[in-house]
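**Q** With the numbering used here as the guide, the letters of the sequence shown map in order to residues 258 to 742.
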Amino acid sequence: MTETALQNKLFIGGEFVDAISGATFATINPATEETITEVASAAAADVDAAVRAARAQMEPGSEWQKMKPRDRGKILFRIAEMLTARAAEIGRIETLDNGKPIFESQFVDTPAAAECLYYYSGWSGKVTGETIPVAENAFTYTLREPLGVVGAITPWNFPLMLAVWKIAPALACGNTVVLKPAENTSLSILKFAEYARECGLPPGVLNIVSGPGAVTGTAMVDHPGIDAIAFTGSTAVGKELMARAARTLKKVSLELGGKSPNIVFADADLDAAARGALNAIFYGKGEVCAAGSRLLVEESAHDELMAKVVERAGKMTAGDPLHPKTRLGAIVSQRQMERVMGYIDAGKNEGATLLTGGERADIGTGKGYFVKPTIFDDVDPKMTIAQEEIFGPVLATMRFSDAESAIEKANATVYGLAAAVWTRDISKAHRVARAIKAGTVWINSYNLYDPALPFGGFKESGFGRDQGRDALDKYTQTKSVWVNL
Ligand code: NAD
258 MTETALQNKL FIGGEFVDAI SGATFATINP ATEETITEVA SAAAADVDAA VRAARAQMEP
318 GSEWQKMKPR DRGKILFRIA EMLTARAAEI GRIETLDNGK PIFESQFVDT PAAAECLYYY
378 SGWSGKVTGE TIPVAENAFT YTLREPLGVV GAITPWNFPL MLAVWKIAPA LACGNTVVLK
438 PAENTSLSIL KFAEYARECG LPPGVLNIVS GPGAVTGTAM VDHPGIDAIA FTGSTAVGKE
498 LMARAARTLK KVSLELGGKS PNIVFADADL DAAARGALNA IFYGKGEVCA AGSRLLVEES
558 AHDELMAKVV ERAGKMTAGD PLHPKTRLGA IVSQRQMERV MGYIDAGKNE GATLLTGGER
618 ADIGTGKGYF VKPTIFDDVD PKMTIAQEEI FGPVLATMRF SDAESAIEKA NATVYGLAAA
678 VWTRDISKAH RVARAIKAGT VWINSYNLYD PALPFGGFKE SGFGRDQGRD ALDKYTQTKS
738 VWVNL
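1) Quick check on this structure: which residue in 359, 385, 472 and 411 has the alpha carbon closest to the alpha carbon of residue 281?
2) Using the Cβ count rule (16 or more neighbours within 10 Å means buried), how would you classify residue 519?
3) Determine, using beta-carbon pairs with one atom in the region 502-520 and one in the region 605-619, whether at least three such pairs fall under 8 Å.
4) Touch check for the region 569-580 and the region 601-608: three-plus C-beta pairs under 8 Å?
5) When you compare each of 565, 445, 274 and 401 to residue 419 by their alpha carbons, which one comes out closest?
6) With H, G and I counted as helix, E and B as strand and the rest as coil, what does DSSP make of residue 420?
7) What's the C-alpha gap between residue 285 and residue 344?
8) Restricting to runs no shorter than 3 residues, where is the beta strand (DSSP E) found entirely within the region 379-463?
9) For residue 560, name the three-state secondary structure that DSSP assigns.
10) Which of helix, strand or coil does DSSP assign to residue 200?
11) As a quick exercise: from 623, 572 and 586, pick the residue whose alpha carbon is nearest that of residue 613.
12) When DSSP labels each residue in this structure, what does residue 723 get in the three-state scheme?
13) Can residue 447 and residue 720 be called in contact, C-beta distance under 9 Å?
14) Taking just the CA atoms, how far does residue 529 sit from residue 516?
15) Less than 9 Å between the beta carbons of residue 552 and residue 527, yes or no?
16) Quick one: residues in its chain with C-beta nearer than 7 Å to the C-beta of residue 742, no 5 flanking neighbours on either side, listed in chain order?
17) Give me the Cα-Cα distance between residue 496 and residue 392, rounded to the nearest whole angstrom.
18) For the ligand NAD, is there any heavy atom lying closer than 8 Å to the beta carbon of residue 223?
19) If you count every other CB in all the chains shown that lies within 10 Å of the CB of residue 713, and 16 or more means buried, which is it?
20) By Cβ distance, which residues of its chain are closer than 8 Å to residue 289, with the 5 residues on each side in sequence left out?
21) I'd like to know whether the C-beta atoms of residue 430 and residue 462 end up nearer to each other than 9 Å.
22) Just to check my reading of the structure: residue 450 and residue 704 have Cβ atoms closer than 8 Å, yes? What is that Cβ distance to the nearest angstrom?
23) Can you find the residues in the same chain that come closer than 6 Å, C-beta to C-beta, to residue 269, ignoring five residues on each side of it along the sequence?
24) Confirm the yes/no value for this check: CB of residue 565, any heavy atom of the ligand NAD, distance under 8 Å.
25) Given residue 377, which residues of its chain have a CB within under 7 Å of its CB, disregarding the five upstream and five downstream residues?
26) Note down, in chain order, each residue of its chain lying with its Cβ closer than 8 Å to the Cβ of residue 299, except the 5 sequence neighbours on either side.
27) Does the beta carbon of residue 456 fall short of 8 Å from some heavy atom of the ligand NAD?
28) Note down the Cα distance separating residue 524 from residue 660, rounded to an integer number of angstroms.
29) According to DSSP, is residue 701 helix, strand or coil?
30) So, does the CB of residue 293 fall closer than 9 Å to a CB anywhere in chain D?
31) May I ask whether a heavy atom of the ligand NAD can be found less than 8 Å away from the beta carbon of residue 336?
32) Examine the ligand NAD and report whether any of its heavy atoms sits within less than 8 Å of the Cβ of residue 509.
33) What residue ranges within the region 637-676 form continuous beta strand (DSSP E) runs of no fewer than 3 residues, ordered along the chain?
Okay, structure coming up:
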């Protein structure tokens, strides 16, 4: 890929600009360990410029405010079409920057981002208030107004898709956005900004400020011109951010980490459950907030299921992320790979049984941050690998004796993002789904998403919902108007 095909500057007021200080940081291809390009690094002054551009489009009489809501939706629709048409280009950028297989970035993540834009384009103009009768001499109604400037802060695991999950509903509701991508994966959303401009999104409506969380992210959280922070990232940073946002009383929504249980009962279709278990933990290299990182298996089906799971995992080899047949790419960074290896060591040291993997993989180049699909068995619920989010291709397997003990184990972490239940017994499936404290429960499937279905966490997995109608609440506020007749 030529340097010119990449956007590596800040996107402020519709222009790609250098940081005021001229600062940049290197973004690395985790499959080759080579620098892809230098990316402009925003400090407080750049964030301020982005906020001013975004605020200008919230002023009465601005292009964005004068635009009919449905016309805003048409722009979102055009961007969705452009993303679809250019999925190969932006998918390749995502793969170079993140290490995920091109199969995922081009054929799963980018189409999912486009679907999200299509979905919210249809909401533009349909976010309405109500008339509410309260007295004979009054005409009373509500308005659903945008919040203003939304500061979005996003992680590196689905750089394009998770940014679009924030941008699409925020813009459909008439807000403007200043978005900070994770520093190691800024390139796809910068390219997206180029597409959005080409599709007619007015300058200042979307601004991208790449840079480190502690600098750029903090400047956003502190900025009085940002009305709300929509955050996706780790629980630790989410807690810190929420405390800090209290100083300017920003509205905060937090999509945080997970340690999701994937529960397989003995009466399930075990072949489907085995396939599902692999997809749950190894899709996206396990760098998925909703990853099924805890496999809970009913005692009597344990040996049969694990034989299937291990056999399939053995066939999953890491490969060049740009190769269309690769299904397991490179861990996003050296730091993350070291974290994952640290957890693997903890699993071994704390006495879990290693069934497969447990070490780095080499794709024949001697380079890149690849880790073999790793499966631990006989994991005690108190072990580190059963409690902490690893965010890598590492599965912790536990056994249970009946539905009650499965539920107890499933709920025994601080997280509550997602879960799955595999069984042929319909009422058991629904009973367990109700008892699990999680924002999403899949039955006889895993990792299925749709823009129409809300997604978010219980407990320390956060609050607020991305996707669906729920996200419209997150990006609007209600005004009551009382007319005395
Ligand atoms: P992270 O919390 O380290 O970083 C997320 C973002 O916050 C990045 O843009 C980062 O630069 C920024 N940031 C870091 N420190 C900051 C600070 N002090 N102030 C403001 N911003 C700051 O998370 P990550 O490692 O990029 O992503 C992985 C985490 O994200 C995992 O915990 C994963 O579960 C979570 N995640 C959650 C969801 C969800 O929808 N619930 C989706 C994807 C990822």
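By construction, the Cβ of each residue, glycine as well, lies at the ideal position given by its N, Cα and C atoms.
**A** The relevant details are as follows:
1) Of 359, 385, 472 and 411, the residue nearest in Cα terms is 472.
2) Burial call: buried.
3) No, because fewer than three Cβ pairs between the region 502-520 and the region 605-619 fall closer than 8 Å, the two stretches do not touch.
4) By the Cβ criterion, the region 569-580 is not in contact with the region 601-608, since fewer than three pairs of Cβ atoms, one from each stretch, lie closer than 8 Å.
5) Looking at the Cα atoms, 445 is the closest of the given residues.
6) Under the three-state reduction of DSSP, residue 420 is assigned to helix.
7) Taking the straight line joining both Cα atoms gives about 21 Å.
8) For the region 379-463, whole beta strand (DSSP E) runs of length 3 or above, ordered along the chain, are 395-403, 406-410 and 433-437.
9) Residue 560: helix per DSSP, three-state reduction.
10) Since the displayed the chain opens at 258 and closes at 742, residue 200 lies outside it and no answer follows.
11) The closest CA to that of residue 613, considering only 623, 572 and 586, is found on 572.
12) Per DSSP, reduced to three states, the secondary structure at residue 723 is strand.
13) Not a contact, by the Cβ cut-off of 9 Å.
14) Answer to the nearest angstrom: the Cα atoms are 21 Å apart.
15) Cβ atoms of residue 552 and residue 527: not closer than 9 Å.
16) Counting only Cβ-Cβ distances below 7 Å, and skipping sequence neighbours, we find 394, 395 and 396.
17) C-alpha of residue 496 to C-alpha of residue 392: approximately 44 Å in a straight line.
18) Outside the modelled stretch of the chain, which goes from 258 to 742, sits residue 223, for which no answer is possible.
19) It is buried - the Cβ of residue 713 has at least 16 other Cβ atoms within 10 Å.
20) Excluding five sequence positions before and after residue 289, the CB atoms of its chain that fall closer than 8 Å to its own CB belong to 622, 624 and 625, given in chain order.
21) No, the Cβ-Cβ distance between residue 430 and residue 462 is not below 9 Å.
22) Actually they do not touch by this definition, with Cβ atoms about 28 Å apart.
23) Same-chain partners within the cutoff: 306, 307, 310 and 464.
24) The answer is no for residue 565.
25) Hits under 7 Å: 333, 425, 426 and 429.
26) For residue 299, same chain residues with a beta-carbon under 8 Å away, outside a window of 5 residues either side, are 267, 276, 307, 437, 466, 467, 468, 472, 473 and 476 in chain order.
27) For residue 456, the shortest C-beta to heavy atom distance toward the ligand NAD is 8 Å or greater.
28) Roughly 12 Å between the two C-alpha positions.
29) Residue 701 falls in the coil class under three-state DSSP.
30) Of the protein chains in this structure there is only one, and it is not chain D.
31) Checking the Cβ of residue 336 against the ligand NAD gives no.
32) Not one heavy atom of the ligand NAD lies closer than 8 Å to the C-beta of residue 509.
33) Segments of the beta strand (DSSP E) lying fully in the region 637-676: 651-657.
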